[in-house]
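Working notes for the structure below.
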Amino acid sequence: MTTAVTQTSSTEPTLPTTFWGRVWYRLRRDRFAMTGLFIVAGAAILALLAPLLAPYSEGMQDPGALLQGPSVAHPFGTDQLGRDLFSRVLFGARVSMTVALLTSMIAVALGTALGAVSGWLGGRIDNILMRIVDVLYSFPDLLLIIIISVLVGQGVFGITLSLSLVSWVTVARVVRGEVLSIKQRPFVEAARAMGYPGSRILLRHVLPHTIGPVIVTLTFRIPAVILAESTLSFIGLGLQPPASSWGVLASHGWSAMTFYPHLILFPSLAIFITILGFNLLGDGLRDAMSK
Amino acid sequence: MSTTMRRFLDRISLAFIARRLLWGIPVLLAVVVVSFTVLRFAPGGPFDREKPLPPTIMKGLRAQYKLDRPILPIYTTEAKETPRGKELAAFEKEYSVASIGPVRITTSATGAANTQLFAYLGQLLRGDLGVSMKYTEVNVNDILRATFPVSLKLGAVAFLLTYGIGVLLGVVAARFRGTWIDGAAMVIATLGFSMPNFVLGAFLILIFSLWMRLLPPALWEGPAYVILPALTLAMGPATYVARLTRSGVLDALDEEYIRTARAKGLSERRVLLKHALTNALGPLITVSGPLLATLVTGSFIVEQVFAIPGMGRYFITAVIDRDYPTVMGVTLVYAALIVLANIVVDVLYAVADPRVEE
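So the protein lines, in turn, are chains C and H. Just so we're aligned, residue 962 is where the first sequence starts under the numbering used here, counting upward by one. Just so we're aligned, residue 7 is where the second sequence starts under the numbering used here, counting upward by one.
As C-alpha cells, then:
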C-alpha cells in the first residue's frame, strides 16, 4: 500500500495529498532518515541473500586458516575453528533479524489488541490492564526476560517468546493513549449515532487512526529487541549455540578479545550499525508523521 | 534559600506520598509472585549435577529446602482426592469456573501455608531472604549486603555521569544551534543511543586498557576501576538526556522571557544555564525514573563485562545455577529500587507542578 502511494506521489511537485504521500515526501528530505532507511534495507537484503552472498558456508571450517585477521580471502578474518567471520556475520543477520522482526510483530499485535480494548472499553478491564502494566514496568525488563526464558527455553522460539511477553507493554500504552484521544473525536460520535456496534467502530474507525504511532513504535521496537537479544546472548543467557546471532558471535569474540580483537569488532559493528539504522529511520518517521 | 525550601516542603503532600508508597506494596508482591512462580516451574534445579546425586541425598536436600512441597496454593491432584476437593471440582465443572486463584481452591489454611510460595512470603515478612542453594553456608541477605554497595556505587557514579555528560552536551548543542558543533553533538548522541553496553564496554577496554594501558580492564579494586564501567553504563542514557536538554533549551530560547533576560543585560551563560535550562528540567526529572531502570538493567551486563562483584553478576550465575533464593533476592531489590525511584519522580514532579497531584 505504502509503495503504491509513494510512487504516484513522488512525481508530483506539490505537497502530496495523501497521508502516506506526505510522510514519504518529508522522509525523503531528511538525510538522517534516508541513511537509516538505506542501512535497514541493506541489512534486510544481506540477511535475505546471505546464502548467495556469503563466500563460505556457515559452518565450513578451514584448519589451515585459524584465527586469521582480516584479509582478502576472509574480509572479517576467521575464528578459532577456521570459520569465515564475514559469512558467519551474514548468517547471523538472519538469526538476529528473525528474532527481532518476529518479536516486534507479536509485541505490536498483542500490544495493539490489548491497548485498544483497554482504551476503548475503559472501566474495570482498563484498570486491570493498567495494573499489569504497572507491575511489568517495575520489573527490570532484562531480568524478567531472563526469568521467562529460563522457563520457556533458550532457542530461537523461547527467546522470541520471552522477549515478546515483555515488549508488548510499551505498544499497549501507546495504543491505549491514542484510542483514548480518538474516542473523543466527532466522527466516532457520528458512527455511534449511525448505530454501528462498538466493535465495528473500534476496528474500522478508531484503529486505522493509530497506524502512524504504531509504525513508529514498531520501528523503535525492532532495535530495542536486537539490543536485548544480543545482550542476552552476549552474557550467555540468550540464544545458545549452534544458533549464532550477532550477540552469540560477539560473545565468542569476547573471550579472545585481547589477542584477536577482530572477532568481537565485526559482530559488534553489525549490531551497532543495524540498531543505528532503525533508530535514525524511527526518528525520521516520527518527525514526518507528527508534522 | 530557606523560603524556597519551605515552599518546597509545603508543596509535598504526605497523603500523596503515602498513597504512592502503599501502592508499591501490591506491585512488589506481584513481582515476587510472578518471578517465583516462573522460576520454580522452569526446568532444572539447584542440585542438578552432571553426575546426578544419589536419590536419597537428593530427596533429603529437596526436603531440607522445601522443594518437595507444592509450589503454588492451587488445585493439586492430592486435593482432588479429598472429599472437599471432589466437591469443589464438581462445583467448578458445573459453573465452569477456572481453577486458578489461591483463595477458593486450597483445601485448608495449613495446606496453603505448606506451599513453597507461602513459605517464601512468610520468610520475606520476617525480612529473611533465605539461604543460597549454591553457597549453602551463606544467607542471601549477606550476599546482598556484600554486593549491593558495589552495584550502588557503580550506579550512582553512572547516574551522575549520565546527567553531567547529557546536560553538558545538550546545552552546548543548543548554544551553537545549527553549527557544526550542534551537528557533532547530535551525531554523538545518536551514535551513543544505538550502542549496546557490551559493545561500548568492549571498545573502551580495547582502547583504554589493552592499547593505551591507561585504565584497568576489569575487577573492582579502587577508584580507577570505576571509570570505564561507569562510562559504559552512562553513555546510552546520557545521549538521551542530551537530546532532551537540547530540545528543552531550544524551546526556551524562543520564549519572550529569555529576550527579557537578555535585555536586562544578563550574560549569555547566565541566560542559558539559569533561565533556559530551567525549562528543560521537567522532562529531565520525568525520565530519571526510567533512566534509573535502564541503569539497573545495564548494570548486569556491565558488571559481567568488567567482572565486577556486584548484584547483577551474582544474578547471572544464580540464574544458571537455579539458585532460587539469590535470584529472588536480587529481583526483589532491583524491583524495589525501581518502584522507589518512580515514587520519588512522581513526588518531585508533583512539587514542580502542583496540578499533577490527583
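Think of the CB as a built atom: it goes at the ideal place given N, C-alpha and C, for glycine as much as any other residue.
- Flagged as an interface residue toward chain H: residue 1198 (chain C), by a C-beta distance shorter than 8 Å.
- Assigned with DSSP and collapsed to three states, residue 1131 (chain C) falls in helix.
- Residue contact check for residue 236 (chain H) against chain C: no CB pair falls below 8 Å.
- Nearest neighbour of residue 1017 (chain C) by Cα position, chosen from C:1146, C:1061, C:1048 and C:1210, turns out to be C:1048.
- Nearest C-alpha to residue 1039 (chain C) among C:1066, C:1153, C:1139 and C:1223: C:1223.
- Contact annotation: in the segment 167-190 of chain H, no residue has its CB less than 9 Å from a CB in chain C.
- With a beta-carbon spacing of about 6 Å, residue 156 (chain H) and residue 315 (chain H) fall inside the 8 Å limit used to define contacts.
- Taking a C-beta distance under 8 Å as the contact criterion, residue 163 (chain H) and residue 247 (chain H) do not qualify as a contact pair.
- According to the DSSP secondary-structure assignment, residue 137 (chain H) is paired through a beta bridge with H:145.
- According to the DSSP assignment, residue 1228 (chain C) belongs to the alpha helix (DSSP H) that extends over 1223-1251.
- Here residue 241 (chain H) is buried. Its C-beta has 16 or more other C-beta atoms within 10 Å.
- A Cβ-Cβ contact shorter than 8 Å links residue 305 (chain H) with residue 161 (chain H).
- In the three-state reduction of the DSSP assignment, residue 1039 (chain C) falls in the strand class.
- Counting along the chain, residue 39 (chain H) sits inside the alpha helix (DSSP H) bounded by residues 20-47.
- Distance between residue 288 (chain H) and residue 354 (chain H), taken at the CA atoms: about 9 Å.
- The beta carbon of residue 282 (chain H) does not come within 8 Å of any beta carbon belonging to chain C, so the residue lies off that interface.
- Between the C-alpha atoms of residue 336 (chain H) and residue 1127 (chain C) there is a straight-line separation of about 19 Å.
- When 7 Å is used as the limit between beta carbons, residue 36 (chain H) is near these residues of chain C: 1096, in chain order.
- The alpha helix (DSSP H) runs lying completely inside the segment 969-1037 of chain C and spanning 4 residues or more are 980-989, 992-1009 and 1011-1014, given in chain order.
- Straight across, the Cα-Cα distance linking residue 237 (chain H) with residue 53 (chain H) is about 38 Å.
- When the beta-carbon positions are compared, residue 153 (chain H) and residue 317 (chain H) come within less than 8 Å of each other.
- In terms of Cα proximity to residue 340 (chain H), the closest of H:351, H:325 and H:302 is H:302.
- The C-beta of residue 1229 (chain C) comes closer than 8 Å to at least one C-beta of chain H.
- Under the 8 Å criterion on CB atoms, residue 1251 (chain C) is classed as non-interfacial with respect to chain H.
- Secondary structure of residue 1045 (chain C) (DSSP, three-state): strand.
- Counting along the chain, no alpha helix (DSSP H) covers residue 211 (chain H), and no H or E run does either.
- Under a 10 Å Cβ-count criterion, residue 1251 (chain C) is classified as exposed, with fewer than 16 other Cβ atoms of the shown protein chains found around its own Cβ.
- Looking only at H:41, H:60 and H:62, the smallest Cα-Cα distance to residue 77 (chain H) is reached by H:41.
- It is roughly 28 Å from the alpha-carbon of residue 33 (chain H) to the alpha-carbon of residue 168 (chain H).
- Unbroken alpha helix (DSSP H) runs of no fewer than 4 residues, entirely contained in the segment 258-308 of chain H, are found at 262-269, following chain order.
- Within the same chain, and ignoring the five residues on either side of residue 150 (chain H) in sequence, the residues whose Cβ sits closer than 8 Å to its Cβ are 135, 317, 335, 336 and 339.
- For chain C, the residues of the segment 201-215 of chain H that bring a beta carbon within less than 8 Å of one of its beta carbons are 201, 202, 203, 204, 205, 208, 209, 211 and 212, in chain order.
- Contact check for residue 130 (chain H) and residue 183 (chain H): beta-carbon distance about 53 Å, past the 8 Å limit, so the pair fails to qualify.
- With a cut-off of 8 Å on Cβ pairs, the segment 1117-1132 of chain C is in contact with the segment 1065-1083 of chain C, counting three or more such pairs.
- The segment 145-231 of chain H contains, as complete alpha helix (DSSP H) runs of 4+ residues, the segments 146-181, 186-200 and 203-210 (chain order).
- With respect to chain H, the C-beta atom of residue 1222 (chain C) has a partner C-beta closer than 8 Å.
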